Structures are given as C-alpha cells and as structure tokens.
Amino acid sequence: MYNIMMVLGVLATLASCGKKEKAEDTISTPIEEGKGIMGTWKLVYGEVKTEDSLEVKDLSNTEFVKILNEDHFAFFNQVKDTADGFYGGGGTYSLDGDTYKERLDYVGVKEIRGHEFTFNVEIKGDTLIQSGVEDVPEAGIKRHIVEKYIRIK
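Residue 8 in numbering that gives the first Met the number 0 is what sits at position 9 of the sequence shown, and the numbering runs on without skipping anything.
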C-alpha cells in the first residue's frame, strides 16, 4: 500500500509541474525578467486605427523585423521576392516598466526624423505586443497602432 501511495504522490507532483510550465507560457511577465525586450523580433500582426477606420496589415507578402539591443533599435521591411517596398529606420529607445519610448533618428521620411514615440509593451512567452498612439502633425500622422512580434533570435 505504501508503494502505491508513493507512486501516486510522485505522479501527482510530476503532473502538477507540467501544468505549471504550460500555464507560465501564457502569463504576461515583467519585461525586465528573462530575455527581456532585447533580441530580434518578426512582425506577425499589425493594426492601425484612425478616427474612422481600422486597417489590419496584410503581412503575407512582406517581412518586417525589429532588432533591439541595450539602448538602440532598428527595423526594416522587405517585400518578398523583390527590392520594391524596402524601408527601414532606427534610433534609440528607453524602457521604464511597460512604457517603451523610441526616438526615430534614422529614417527616410524627414517629417518624422527625431520624433519620439511612446508605446505600451508587454511580453507573453515569445510574443512582444506593442501598442500606442503615433502622433506627428508635421507628417499628417495620428493613429493608434497594435503590433505583435514573435522572437526569432
């Protein structure tokens, strides 16, 4: 009887450990923990809301990648199988809790160069979710964005 109870106890412990690991994959964790925000991220979902419309980006024919190190970021967009539609940019960023600020120093659009954008960021497993308002009156931009990235490196 003692052996059966021991085996059941060990099985229950192992089963609960497996469930705990699986649940942690879906729980949001503070960005400072684990790998944090640094790394290479691929955009898998993007939406843009303006006053009267919602656009979900079609990413089936393009690759958008964002790279973050300790204090700089860079991004580029490449349409698959062509050189058309390539663009990129970069600059510095800061992170305070879940508040992420980008200063866009390097970009081809003069009106947004040097502008600071403030976003809310959250990491769930290997997914980075970035959302916030892009407001640049000089460029005619005022929109709310939601972007979801998966970690690729």
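Backbone N, C-alpha and C define an ideal beta-carbon position, used for all residues, glycine too. Only a predicted model underlies this, so the values are computations on that prediction, with no experimental measurement involved.
Nearest-angstrom beta carbon gap, residue j and residue i [assumed within contact, 8 Å]
i      : j     : result
Asn119 : Thr91 : Contact doesn't hold; Cβ gap of about 18 Å is too wide.
Gly45  : Leu58 : 7 Å
Euclidean distance between Cα positions of residue i and residue j
i      : j      : result
Gly88  : Asp70  : 15 Å
Ile140 : Lys152 : 31 Å
Glu54  : Val106 : 23 Å
Val108 : Val132 : 18 Å
Asp104 : Pro136 : 17 Å
Thr126 : Leu67  : 14 Å
Gly84  : Gln77  : 6 Å
Ala138 : Thr49  : 14 Å
Ile128 : Ile36  : 10 Å
Thr81  : Glu62  : 12 Å
Lys56  : Gly96  : 28 Å
Ser52  : Gly124 : 30 Å
Asp134 : Glu146 : 16 Å
Contact under 9 Å by Cβ, residue i with residue j
i      : j      : result
Leu42  : Val64  : yes
Val47  : Arg112 : no
Trp40  : Ile144 : no
Glu115 : Arg102 : yes
Tyr86  : Phe72  : no
Reduced DSSP secondary structure (H/G/I, E/B, other) of residue i
i      : result
Glu50  : coil
Ala82  : coil
Glu133 : strand
Lys109 : helix
Residues near residue i in its chain [Cβ-Cβ closer than 7 Å; skip 5 each side]
i      : result
Thr28  : Interpretation of Thr28 is limited by its pLDDT of 45, a score under 50 that renders its predicted location unreliable; the figure taken from the coordinates is listed afterwards. Contacts found: Ile122.
Thr117 : Thr98, Lys100, Gly131
Asn60  : Val78, Lys79
Neighbourhood of residue i by C-beta, 6 Å cutoff - its chain only, sequence neighbours within 5 removed
i     : result
Gly33 : For Gly33, the pLDDT reaches just 45, beneath the cut-off of 50, and the residue's location in the model is therefore unreliable, leaving the point undetermined.
Min CB distance residue i to chain B below 9 Å
i      : result
Glu137 : No chain B appears in this structure, which consists of one protein chain only.
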